[in-house]
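Order-wise, the sequence lines are chains V and A.
If you're matching positions, the first sequence starts at 31 in this note's numbering and goes up one per residue.
If you're matching positions, the second sequence starts at 31 in this note's numbering and goes up one per residue.
C-beta atoms are modelled at their ideal positions from N, C-alpha and C, and glycine is treated no differently.
There are 2 protein chains.
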Amino acid sequence: MTHKVIHKPDPKDILEAADRIKGFVNHTPVMSSRFINGIVNAHVFFKCENFQKVGAFKARGAINAVLSMASDQKACGVATHSSGNHAQALSFAASGINVPAYVVMPSNSSRVKVDAVKGYGGKITFCEPTLEAREETLRQVIRETGATEIHPYNNLRIIAGQATAALELIHEINDLDMIFAPVGGGGLLSGTALATHYFHTEAQVIGAEPDQANDAYLSFTQKRFIPSVNPVTIADGLRTSLGPITFPIILDHVHSIVTVSEESIVNAMRMIWERMKIIIEPSSAVPVAALLKKTIDYKGKRIGVILSGGNVDLDQLPWKKF
Amino acid sequence: MTHKVIHKPDPKDILEAADRIKGFVNHTPVMSSRFINGIVNAHVFFKCENFQKVGAFKARGAINAVLSMASDQKACGVATHSSGNHAQALSFAASGINVPAYVVMPSNSSRVKVDAVKGYGGKITFCEPTLEAREETLRQVIRETGATEIHPYNNLRIIAGQATAALELIHEINDLDMIFAPVGGGGLLSGTALATHYFHTEAQVIGAEPDQANDAYLSFTQKRFIPSVNPVTIADGLRTSLGPITFPIILDHVHSIVTVSEESIVNAMRMIWERMKIIIEPSSAVPVAALLKKTIDYKGKRIGVILSGGNVDLDQLPWKKF
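Here it is as structure tokens:
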């Protein structure tokens, strides 16, 4: 008997994920802005995952993970601890096919987020707002229900699902020279890097990260895992650290990681709202800010940018801060 | 010699306008929202003119009007008095083909609007913020420059240009039962009604207007022209009154006019931002509010809605008001 250690999704996993989630997710549009093309002197193609189900790319991975489960697993449900888009995505993915979704949320979660998870059919257990309490409460929920934990990024099926955004972009836009994606836990960036590596080897994949949550940049450049410690950034989707599955993929297949200031994130977000008339969340503005930082000469290049989501509290907009 | 009085654009005028402006305007996308479909129990197709050049459908009419001019007229330029999207659209249309655009703006215009007109290449003359001063200053500019006045809506080429938005919608989405469009001066509504009448006779065209600027509703129902007097509405694009060309077309070809409250406009605007992740201005939210008012049973119907523009000052959002 051979023992096979699976380190990363292979091309078949990504193609099967794309096939599996079709009909459950949106094939999101690719948009351009002549104004932004002019600023960077290049052709920029924005993959609009802000138009994805639940308002973020997270729907792709969650749906792939839930649909991949065996039927006896499905009966017991899925579980996670999250206060962000993954909680909504998992609730949406599971309840859509009558699988229970148990979500552990910190007691100080905003009502907007709690209502969103409830709205998608998630069953919420509240806990103290510490990582320890979240993990312990999740273990308890799993003991009681037999639910399967679906980690937000350190999960092969999640990564294969997130990879389908870049797959669609590559199929639609020929000859990209580079693709920018944000990096938090690394699910989207590792999936983007794999899809690009397997299906379009010429393009460089560039991660974008807040200066103030630069664990991926440090880990990548020092080639050893360095977790983030209580990062403070407006890009709330990018506060997590890389995981043991995502980090090696990123080391192998990502070209570079660019970090950006908080002010540049807010300015990039506002530019996209004003010029493209679409709503993106701060995490989505991070690769835009990285692009606008122009660390290299893009002249005439064809550049993809993954706009990861559009979930924003319209009562708490950041313009006034800077 | 026969004398022909032209009351309205004919089918050829609209088809020629579509052909003339191609390459200068965006063929804007049509979007849907499962959430909104669920609320109204119908299939709703949003024609996204917020993604149009200069952020509003006004680019269509302005470009058609400017491109239709004789070359000696072009040399002297075009002129208008406006503080809104028409000023930007005319500046964009004219300066794009090296025609001077003279725009008379009231001295209390917001800096955002002044900068936008300047940014599109318009030459601004400021005047006192009264209609009399605007008209007198415009006459003076025209005397000095020989420029041709391009009225924002009471102009056959403007109407033919605005009609091309509905034309694209009708070509892309089959079998619409009704089409909602906002009504201010009536350029967009009359163009929409004509395009629908000529090229898709089955659909009803419904105008949408703020309660607090209901001159078109009053004029339409009483079949006589009743101007608005200092209307106060958040829908700043809809404060103008119908004109002698637009009113008869609307009387002949529009099915009904629905009026909506200020609160419902803001709520509809916020719903589109939150659910569809796109930015629309208050005037665009008026037909959405009219749709959501559900004055008739839409069950199973196919409904087009023209989202007229997306120019919003992000520092002055209206959520807090209600």
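Expected contact under 8 angstroms - CB spacing of V:Thr-270 and V:Gly-221 to nearest Å: Taking C-beta atoms under 8 angstroms as the contact rule, V:Thr-270 and V:Gly-221 fail to qualify, at a distance of about 15 angstroms.
Interface residues of chain V around A:Arg-300 at Cβ under 7 angstroms? Correct list: Leu-344.
Quick one: is V:Trp-303 buried, meaning 16 or more other Cβ sit within 10 Å of its Cβ, or exposed? V:Trp-303 comes out buried.
Could you pull out every residue in the same chain whose Cβ sits closer than 6 angstroms to the Cβ of A:Ser-313, ignoring the five residues on either side in sequence? Residues of the same chain with a CB within less than 6 angstroms of the CB of A:Ser-313, apart from the 5 flanking positions on each side, are Pro-212, Ala-265, Gly-267, Leu-268 and Ser-338 in chain order.
Could you give the distance in angstroms between the alpha-carbon of V:Lys-34 and the alpha-carbon of A:Glu-198? Because the pLDDT of V:Lys-34 is 47, which lies under 50, any placement of that residue in the model is unreliable, and the number read from its coordinates should be weighed accordingly. A direct Cα-to-Cα measurement between V:Lys-34 and A:Glu-198 gives close to 55 angstroms.
Alpha-carbon to alpha-carbon, V:Ala-119 and A:Pro-353: This structure cannot speak to residue 353 of chain A, because chain A is shown only from 31 to 352.
Are the beta-carbon atoms of A:Ala-320 and A:Ala-225 separated by less than 8 angstroms? Using a Cβ distance threshold of 8 angstroms, A:Ala-320 and A:Ala-225 do not count as a contacting pair.
Bridge partners for V:Phe-75 per DSSP, in chain order? Paired residues: V:Gly-334.
Would you say V:Pro-159 reaches chain A, if we count a Cβ-Cβ gap shorter than 8 angstroms as a contact? Nearest CB-CB separation between V:Pro-159 and chain A: not below the 8 angstroms threshold.
State buried or exposed for V:Leu-161, treating a residue as buried only when at least 16 other CB atoms are found within 10 Å of its CB. Burial call: exposed.
Given V:His-57, which residues of its chain have a CB within under 8 angstroms of its CB, disregarding the five upstream and five downstream residues? Cβ within range, chain order: Glu-198.
Anything in chain V within Cβ reach of A:Ile-85, meaning under 8 angstroms, just list it in chain order. The sequence as given places Gly at residue 85 of chain A; Ile does not occur at that position. Ordered by position in chain V, the residues that pass the 8 angstroms Cβ test against A:Gly-85 are Lys-307.
Give the residues from the stretch 80–108 of chain V that approach chain A closer than 8 angstroms (Cβ to any Cβ), ordered along the chain. From the stretch 80–108 of chain V, only Asn-80, Phe-81 and Gly-85 have a Cβ closer than 8 angstroms to chain A.
Suppose you measure from the CA of V:Arg-64 to the CA of A:Glu-293; what does that come to, to the nearest Å? Roughly 35 angstroms separates the two Cα atoms.
Close-in-space but distant-in-sequence residues of the same chain around A:Tyr-328 (CB under 7 angstroms, 5 per side omitted): Contacts found: Val-70, Asn-71 and Ala-72.
Would you call A:Lys-38 buried or exposed, if buried means 16 or more other Cβ atoms sit within 10 Å of its Cβ? The residue in question, A:Lys-38, is buried, as its Cβ has 16 or more Cβ neighbours within 10 Å.
Does V:Pro-182 get closer than 8 angstroms to chain A when you measure Cβ to Cβ? Taking Cβ atoms only, chain A never reaches closer than 8 angstroms to V:Pro-182, which makes this a no.
Residues of the stretch 113–136 of chain V with Cβ closer than 9 angstroms to any Cβ of chain A, in chain order: Listed by position, the residues of the stretch 113–136 of chain V near chain A (Cβ gap below 9 angstroms) amount to none.
Compute the Euclidean distance between the alpha carbons of A:Leu-248 and A:Ile-295, then round it to the nearest angstrom. About 19 angstroms.
Could you check what DSSP says for A:Met-299 in three-state terms: helix, strand or coil? In the three-state scheme derived from DSSP, where H, G and I count as helix and E and B as strand, A:Met-299 is classed as helix.
Thinking C-alpha only, which one of V:Ile-309, V:Val-171 and V:Lys-323 is nearest V:Asn-80? Of the candidates V:Ile-309, V:Val-171 and V:Lys-323, the one whose C-alpha sits nearest the C-alpha of V:Asn-80 is V:Ile-309.
Which residues in the same chain have their Cβ closer than 7 angstroms to the Cβ of A:His-283, if we skip the five residues on either side of it in sequence? Same-chain partners within the cutoff: Ala-223, Leu-224, His-227 and Val-235.
Please report how far the alpha carbon of V:Leu-347 lies from the alpha carbon of A:Tyr-150, in whole angstroms. Looking at the two C-alpha atoms, the distance is approximately 28 angstroms.
Segment limits, alpha helix (DSSP H) that includes A:Ala-30: This structure cannot speak to residue 30 of chain A, because chain A is shown only from 31 to 352.
For A:Glu-304, return the contacting residues in chain V, with the cut-off set at a CB-CB distance below 7 angstroms. Chain order gives the chain V residues near A:Glu-304 as Leu-344, where near means a beta carbon separation below 7 angstroms.
Quick check on V:Pro-312 - is its C-beta less than 8 angstroms from some C-beta in chain A? Taking Cβ atoms only, chain A never reaches closer than 8 angstroms to V:Pro-312, which makes this a no.
Using the C-alpha atoms, what's the distance from A:Ile-326 back to V:Thr-110? About 44 angstroms.
What is the DSSP secondary structure of A:His-3, reduced to helix, strand or coil? Only positions 31 to 352 of chain A appear in this structure, which leaves residue 3 of chain A out of reach.
If we call anything under 8 angstroms between Cβ atoms a contact, is A:Val-96 one with A:Ala-124? A contact, by the Cβ cut-off of 8 angstroms.
Strictly under 8 angstroms for the Cβ-Cβ distance: is V:Pro-348 near chain A by that measure? At least 8 angstroms separates the CB of V:Pro-348 from every CB of chain A.
Take the Cβ of A:Pro-261 as the centre, count every other Cβ of all protein chains shown within 10 Å, and call the residue buried at 16 or more, exposed below. Residue environment: A:Pro-261 is assigned as buried (16 or more neighbouring CB atoms within 10 Å of its CB, all protein chains considered).
For V:Pro-59, go through chain A and note every residue whose CB falls closer than 8 angstroms to its CB, in chain order. Proximity of chain A to V:Pro-59 at the Cβ level (cut-off 8 angstroms) is accounted for by Pro-59, in chain order.
What does DSSP give as the partner residue(s) for A:Cys-157 in the beta ladder? Per DSSP, A:Pro-136.
Along chain V, which residues have their Cβ under 7 angstroms away from the Cβ of A:Gly-340? Under the 7 angstroms cutoff, chain V gives Lys-307.
Residue burial classification, A:Ser-137 (beta-carbon count within 10 angstroms, cutoff 16): For A:Ser-137, the number of other beta carbons within 10 angstroms of its own is below 16, and it is reported as exposed.
V:Leu-219: which of V:Ile-333, V:Val-142, V:Phe-229 and V:Ala-190 sits nearest, CA to CA? Among V:Ile-333, V:Val-142, V:Phe-229 and V:Ala-190, the Cα nearest to that of V:Leu-219 is on V:Ala-190.
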